[in-house]
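FYI, UniProt numbering numbers position 288 of the sequence shown as 288, with every residue one higher than the one before it. The beta-carbon is built from N, C-alpha and C at its ideal position, and this holds for glycine as well. The structure appears below as structure tokens.
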Amino acid sequence: MANITLTIDQNSGKPLYMQLYDHIRNEIREGLLEDGARLPSKRSLASHLRISQNTVETAYGQLLAEGFIRSKPKSGYYVSRFEVYPSDTTGPESTGKEEETREDTSGFAYDFMTNTVDTRFFPFSTWSRITREVIHDENRELLKASHPQGEVSLRMSIARHLHEHKGVRCTHEQVIIGAGSEYLIGLLVQLLGRDRVYAVEDPGYVKTGMLLMSNGSDVVHVGLDRDGLDVKELEESGAKIVHITPSHQFPMGMIMPARRRMQLLAWAYAEKDRYIIEDDYDSEFRFGGRPIPSLQGLDNSERVIYIGTFSKSLAPSIRIGYLVLPPSLIEEYRKRYMYNASTVSRFEQQTLARFIKDGHFERHLNRMRKVYKSRKENLVNEIRRASFGKSAEIIGENAGLHLLLSPGNGMSEMQLLESAASAGVRLRGLSGYFSQDSLSKPQGTVLLGYSSLSEEEISEAVSLLDFAWS
């Protein structure tokens, strides 16, 4: 069992639970508390530190919501693996954006986490056939290093797909291929400057801010309103670069309307060194109407950088991401980084290029949209039929692969998570996606990612939640 010892300052203006939370979080981040280490029970730790059990419970609840620890039914709390991303973009491959902190799923019958896809539908036969064709061609050029920006064939396929389906305006010369979005964001920090102030959404994907900070940049958190990022707050933050998910905000799920997009572009145009990083998170899966056009397609002044991956649309193990840089930044990139080696295998790039060019990617997306839409509808129907369904609020069900649920039964977020875990259902709380300083953290709201569960499994899982939350 992990030994947790710290001096609690009763006279500090900092809440006691925050002192405990900060201490444990830092120990995990620094590797002093290892993955899988069991934490003391709330009662024993409270007795050891001479603080109330409620203080320990609140600290554990925040760590649980943010994914630093996990709860095992009838066993206790355990440290979750935490990975610190390297600032050197030529270093080892980092995990994908959608690959949240990897947690042990043992003890859980059903997993509603948002970092998964259903690999049962991956087109193995088509993928393996194309792979064999690429190898059979015996092109010795494939054994040489790839172009620093990636294979021309893949960059052309991506540029064509983005133009046809997202309204992105670019040529293949503007596309850079890299091993996942984290690698590419690290590359952007080097290109744009570590001395800039970067803004991220609050709530938002926590590791984006952590990655920017690990690369030596200052990060500010900007709140949201019903239309997405608050542009007035962004202006007041002093940030020069902002990372956003306008097509499907994570985790709130809203789609940024055209008026807000134009306001955001106006913010970028107001000063010459401002940029917007448009993250194409989950935008492939929209269940009503046409796909949302990109913000990049509206940009007339080369201020939007577009970034995306294939981790949700195909599989997390396909470590291929891409950047679309404005022409002026591509020129700067070539001056400074054309000596870099590509971080993705030429064989894998060629396979994906043919997969897209021959129409297999679009057919796979169409198939998965139908599958996920059916699962989403089944999940919503099961929630409505549950005993908490009449009081429940469902948010963000029209796009993406997760939705937000507020059961409205009076239970706190921690009570919802712990009772669900005791019933064998794994969830994540919404508060874990807010910054520590946020004044608007919700109470009693959880995320339900449904991409990896079948309709039958969804029905069974909601039945267990109904029992646990009654």
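Taking a 10 Å sphere around the C-beta of Asp202, we find 16 or more other C-beta atoms and assign the residue as buried. Three or more beta-carbon pairs separated by less than 8 Å are not found between the stretch 372 to 382 and the stretch 181 to 195, which leaves the two stretches without contact.
Exclusion of the five residues before and after Thr126 leaves His360 as the residues of its chain whose Cβ lies within less than 6 Å of its Cβ. Note on Pro327: under 16 other CB atoms within 10 angstroms of its CB, so exposed under the neighbour-count rule. Leaving aside the five residues that flank Leu192 on each side, the residues in its chain whose CB is nearer than 7 Å to its CB run, in chain order, Ile241, Tyr275. The DSSP assignment places 175 to 178, 197 to 202 as complete runs of the beta strand (DSSP E) inside the stretch 132 to 218, in order along the chain (cut-off: 3 residues). With a cutoff of 9 Å on beta-carbon distance, Arg426 and Tyr110 are scored as near each other. DSSP places Leu63 within a helical segment (H, G or I) once states are collapsed to three. The three-state reading of DSSP puts Thr309 in strand, counting E and B together.
At a Cβ-Cβ threshold of 9 Å, Tyr306 and Leu329 do not count as neighbours.
Measuring C-alpha to C-alpha distances from Glu348 to each of Tyr78, Glu133, Gln19 identifies Glu133 as the nearest. Rounded to whole angstroms, the separation of the alpha carbons of Thr445 and Glu151 is 44 Å. Sixteen is the threshold: since fewer than 16 other Cβ atoms of the shown chains lie within 10 Å of the Cβ of Leu6, the residue is exposed. By alpha-carbon distance to Glu457, the top candidate from Phe108, Leu314, Glu141 is Phe108.
Beta bridge pairing from DSSP links Tyr337 with no other residue. Where Val344 is concerned, there is no enclosing alpha helix (DSSP H), because DSSP gives it neither an H nor an E. Pairing Ser452 with Asn398, the inter-Cα distance amounts to about 18 Å.
Excluding the 5 residues flanking it on each side, Glu413 has same chain C-beta neighbours closer than 8 Å at Gly61, Ala65, Gly429, Leu430, Ser431, Pro442, Gln443, Gly444, Thr445, Val446, in chain order.
Cβ atoms of Gly408 and Ala392 come within 8 Å of each other, at about 6 Å.
Assignment of Lys72 by DSSP, reduced to helix, strand and coil, places it in the strand class. For the pair of segments examined, the stretch 160 to 179 was found to touch the stretch 333 to 347: the number of CB pairs separated by less than 8 Å reaches three. Contact check for Pro148 and His364: beta-carbon distance about 29 Å, past the 8 Å limit, so the pair fails to qualify. Considered as a whole, the stretch 407 to 460 harbours 413 to 422 as its complete alpha helix (DSSP H) runs of no fewer than 4 residues, in chain order. Around the beta carbon of Gln10, a 10 Å sphere encloses fewer than 16 other beta carbons of the protein chains shown; the residue is thus reported as exposed. Proximity to His243 across Phe467, Ala59, Arg259, Met210 peaks at Met210, based on C-alpha coordinates.
Selection Gln436, Ser422, Asp273 evaluated against Leu465 yields Ser422 as nearest (Cα-Cα).
If you draw a straight line from the Cα of Asp358 to the Cα of Gly400, it comes to about 25 Å. Here His23 has Leu6 as same chain residues with Cβ atoms under 7 Å from its own Cβ, once five neighbours each way along the sequence are excluded. Where Ile383 is concerned, the enclosing alpha helix (DSSP H) starts and stops at 360 to 385. The DSSP assignment places complete beta strand (DSSP E) segments of no fewer than 3 residues inside the stretch 217 to 266 at 218 to 225, 241 to 244, in order along the chain.
Between Gln249 and Gly228 the beta-carbon gap is near 6 Å, inside 8 Å, which marks them as a contact. Ranked by Cα distance from Lys373, the first of Arg286, Gly238, Ile130 is Arg286. Here the C-alpha atom of Ser80 lies approximately 14 Å from the C-alpha atom of Met113. Scanning its chain for C-beta atoms nearer than 6 Å, with the 5 sequence neighbours on each side dropped, one finds around Val56 the residues Lys42, Leu45, Ala46, in chain order. Taking C-beta atoms as the reference points, Ala420 and Val117 fail to come closer than 9 Å. In the three-state reduction of the DSSP assignment, Tyr281 falls in the coil class, being assigned neither a helical nor a strand state.
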